[in-house]
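Just so we're on the same page, the working numbering is the position in the sequence shown counted from 1, plus 519.
Don't be surprised by glycine CBs; every beta carbon is placed ideally from N, CA and C.
These notes concern the structure reproduced below.
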Amino acid sequence: MNESSEVITPVTSSTDTRDGTFWVATNSSVRSPGHLGLAKQASPSITVSPSLYGFPGVVEMQVANDGSAASASESTDSGVVTIHGELEGGIPVTLLEALSTNWSGGLTRERQEQRFEGIFTVVGAHLDNVDHQFRGLRVRLQTLTRAADTASPPVQLGNGGRLAWEDFAGEPQLVLTDLPPAGLHILGRTYLQPLVSLLQLATARPVGVMEFAVQEHLHAPWWPVHSPSQHGADLTLSSKPLLPLTDLSPAAIGAWLDRVETLGPLPAVVVSAITTSLPLETQVLILGTTSEGLHRRLFPDAQRFSRDLAVEIREAAAKAAKEIDESAADAVKGFLSHMDEPGYGQRLDQLAADAETLVPGITGRAKRWKKLVYEARNDFAHQTNLGWLEDGDVDRYLTVAFSLRWVLRALLLGQVGLDPALLRRRFAEHQEYRFFLGNAHEWRPDVYPDANLDKLWESVT
């Protein structure tokens with residue numbers, strides 16, 4: 520693997536191109552001049568002329584001196600490839616998981632222009648594939664740099680890594696080092712997406728990544744990485760967020776990252792309902808289903824009764840069913856296969872209890888809230904009502920959707936390790952949360968009989 524030890528300047532503009540020479544990693548003998556495109560919020564691309572290989576299906580004929588066909592060959596699409604290149608100044612570059620998206624010009628390779636689009640571009644090295652292992656990650660996220668705590672010492676992560684704020688060219692960035700070796704996809708899933716989800720939970724805004732770089736080991740150079748998800752400009756917070764970004768200290772961020780394997784993709788699902796406009800029915804179905812998944816992850820050992828007892832009950836039920844209809848035994852076993860696990864209602868009871876501990880009053884009358892959510896979720900999961908949403912259902916589903924937003928948000932932010940009194944105060948002071956309580960009181964006063972924060976403030980003071 521070739522690499523450059525120079526300090527590579529990351530792309531900061533929304534459109535950026537760099538000239539160079541490029542080739543398919545597995546065939547370095549065929550090289551073409553072209554340019555690398557690194558526009559923000561677009562797939563990184565390489566355009567070359569002549570093409571690196573011909574348009575699939577084109578037959579090239581070699582003609583002998585006597586006019587006869589000496590040979591014929593048909594070009595084929597190489598599928599997903601890795602493209603290597605050398606930019607002006609001798610900087611190596613790799614376009615990973617690239618597909619040829621366009622050929623233009625003549626029929627022969629020499630007369631064609633070819634465009635590739637990839638998932639990642641790594642500037643500074645020639646990598647064999649997307650699974651190349653890295654142990655360092657440096658990231659700049661929208662909004663978060665304003666609260667950078669560069670004075671705090673590094674935080675030790677549960678996996679042995681270290682997390683700290685560091686200045687790069689006057690710009691504070693979050694730096695993770697000594698991580699377990701991982702490829703780019705794993706780094707994204709384990710660190711980048713969870714960081715984005717944490718910021719979105721704190722701000723209810725579609726915060727994203729501005730730039731990031733990777734490092735093979737602690738003393739290796741940093742290589743900028745470009746992907747379609749990166750933003751070219753910072754994001755303005757239009758109102759006071761639920762959590763001021765100064766609450767997200769290195770210790771809080773580290774605690775959140777240590778919970779990634781437990782929480783899985785659920786935080787990203789919750790923030791999608793918070794930061795995007797989804798139909799009301801979709802929100803109820805997504806958040807109702809996610810609440811069950813979150814309980815499973817937070818309480819993996821929860822049981823209705825022991826597995827051994829469940830086996831006895833299943834066998835007894837199957838035996839009784841078989842006496843009536845022999846074919847019914849397997850069906851009964853299937854229906855009872857998860858009977859040792861808590862039911863959906865029991866899971867909601869536990870989630871409501873934990874949410875009330877974090878933010879008193881968030882579920883109103885918890886038992887009625889559980890019943891409301893339980894019935895709404897079953898409406899959509901089992902399609903008990905085959906008609907369209909009626910006016911009489913709107914207030915019920917609005918209460919379910921918006922209350923689940925706040926309940927799941929509180930439960931997830933409870934994983935950050937903030938002082939419980941501080942988290943309660945943030946909810947009590949948050950204007951949007953106060954609006955929710957007022958609206959829920961109007962929609963369903965039987966579930967939310969009070970529109971004030973007295974119960975919450977009592978727990979703070």
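Pop quiz: residue i and residue j are said to be a contact at Cβ under 8 Å. What is the actual Cβ separation, rounded to whole angstroms?
{"i": "Arg915", "j": "Ala885", "result": "That belief does not hold up - the Cβ atoms of Arg915 and Ala885 are roughly 17 Å apart, past 8 Å."}
{"i": "Arg945", "j": "Leu761", "result": "6 Å"}
{"i": "Leu555", "j": "Thr640", "result": "7 Å"}
{"i": "Val658", "j": "Gln719", "result": "About 15 Å separates the two Cβ atoms, so there is no contact after all."}
{"i": "Val642", "j": "Ile610", "result": "7 Å"}
{"i": "Leu698", "j": "Asn678", "result": "7 Å"}
{"i": "Leu799", "j": "Ala959", "result": "Between Ala959 and Leu799 the Cβ distance is about 15 Å, and since that is not below 8 Å, they are no contact."}
{"i": "Trp976", "j": "Thr918", "result": "Between Thr918 and Trp976 the Cβ distance is about 23 Å, and since that is not below 8 Å, they are no contact."}
{"i": "Pro673", "j": "Leu682", "result": "6 Å"}
{"i": "His745", "j": "Leu557", "result": "5 Å"}
{"i": "Arg724", "j": "Thr794", "result": "6 Å"}
{"i": "Leu706", "j": "Leu656", "result": "6 Å"}
Can you grab the Cα-Cα spacing for the pair residue i / residue j, in whole Å?
{"i": "Pro879", "j": "Arg816", "result": "23 Å"}
{"i": "Ala787", "j": "Arg654", "result": "24 Å"}
{"i": "Thr662", "j": "Pro713", "result": "15 Å"}
{"i": "Ser716", "j": "Trp741", "result": "25 Å"}
{"i": "Gly957", "j": "Asp873", "result": "22 Å"}
{"i": "Leu972", "j": "Val966", "result": "15 Å"}
{"i": "Asn546", "j": "Leu764", "result": "49 Å"}
{"i": "Gln869", "j": "Thr876", "result": "11 Å"}
{"i": "Glu522", "j": "Ala544", "result": "Residue placement at Glu522 is flagged as unreliable, the pLDDT there being 49, under the threshold of 50; a coordinate-derived value is accordingly withheld."}
{"i": "Leu891", "j": "Gln749", "result": "40 Å"}
{"i": "Leu606", "j": "Leu626", "result": "28 Å"}
{"i": "Met755", "j": "Gln675", "result": "Just to set this straight, residue 755 is Thr in the shown sequence, not Met. Going from the Cα of Thr755 to the Cα of Gln675 covers about 31 Å."}
{"i": "Ile881", "j": "Thr664", "result": "31 Å"}
{"i": "Thr722", "j": "Ser757", "result": "10 Å"}
{"i": "Phe541", "j": "Gln633", "result": "11 Å"}
{"i": "Arg630", "j": "Ser623", "result": "8 Å"}
{"i": "Thr528", "j": "Ala732", "result": "Residue placement at Thr528 cannot be trusted, given a pLDDT of 42 that sits under 50; what the coordinates show is reported in the next sentence. About 11 Å."}
{"i": "Val530", "j": "Ser548", "result": "With a pLDDT of 41 at Val530, under the threshold of 50, the predicted position of this residue should be treated as unreliable, though the coordinate-derived value follows. Roughly 29 Å separates the two Cα atoms."}
{"i": "Asp969", "j": "Asp668", "result": "39 Å"}
{"i": "Arg943", "j": "Thr696", "result": "33 Å"}
{"i": "Gly979", "j": "Ala947", "result": "Going by the sequence as given, residue 979 is Val instead of Gly. Straight-line Cα distance between these residues: approximately 9 Å."}
{"i": "Tyr710", "j": "Gly911", "result": "43 Å"}
{"i": "His814", "j": "Arg866", "result": "6 Å"}
{"i": "Asp938", "j": "Arg953", "result": "21 Å"}
{"i": "Ala752", "j": "Val726", "result": "11 Å"}
{"i": "Ser562", "j": "Gly933", "result": "36 Å"}
{"i": "Gly807", "j": "Leu797", "result": "14 Å"}
Quick one: grab the DSSP three-state call for residue i.
{"i": "Asn621", "result": "strand"}
{"i": "Ser597", "result": "coil"}
{"i": "Leu626", "result": "coil"}
{"i": "Ser523", "result": "Below a pLDDT of 50, predicted positions are generally treated as unreliable, and Ser523, at 43, falls in that range; no measurement from the model is reported."}
{"i": "Pro529", "result": "Low local confidence applies: a pLDDT of 43 at Pro529 is under 50, so the model's placement there is unreliable, with the coordinate-based value given in what follows. Coil, per DSSP."}
{"i": "Gln631", "result": "strand"}
{"i": "Ser564", "result": "strand"}
{"i": "Glu735", "result": "coil"}
{"i": "Arg887", "result": "helix"}
{"i": "His603", "result": "strand"}
{"i": "Asp538", "result": "strand"}
{"i": "Pro713", "result": "helix"}
{"i": "Thr613", "result": "strand"}
{"i": "Gly880", "result": "coil"}
{"i": "Gly655", "result": "strand"}
{"i": "Leu646", "result": "coil"}
For the beta strand (DSSP E) holding residue i, just list the boundary residues, first then last.
{"i": "Ser548", "result": "Asn546 to Gly556"}
{"i": "Val726", "result": "Element bounds for Val726: n/a, residue is neither H nor E."}
{"i": "Thr640", "result": "Phe639 to Val642"}
What residue range is occupied by the uninterrupted alpha helix (DSSP H) comprising residue i?
{"i": "Leu776", "result": "Pro769 to Leu776"}
{"i": "His745", "result": "Premise fails: His745 lies in the beta strand (DSSP E), Trp742 to His745, not in any alpha helix (DSSP H)."}
{"i": "Asp873", "result": "Tyr863 to Leu877"}
{"i": "Val803", "result": "Leu799 to Leu817"}
{"i": "Val981", "result": "What the structure shows of the chain is the stretch from 520 to 980, and residue 981 is not part of that stretch, so it cannot be assessed."}
{"i": "Asp973", "result": "Asp973 to Val979"}
{"i": "Thr662", "result": "Note, Thr662: premise wrong, no alpha helix (DSSP H); not H, not E."}
{"i": "Val779", "result": "Val779 to Leu782"}
Strictly under 8 Å for the Cβ-Cβ distance: is residue i near chain C by that measure?
{"i": "Val744", "result": "Here there is only one protein chain, and chain C is not present."}
For this session: Any chance you could list the alpha helix (DSSP H) runs of at least 4 consecutive residues sitting entirely within the stretch 675–711, in chain order?
Result: 703–706
Exercise. Which runs of the alpha helix (DSSP H) fall wholly inside the stretch 893–955 and span at least 4 residues, in chain order?
Worked result: 910–932 and 939–948
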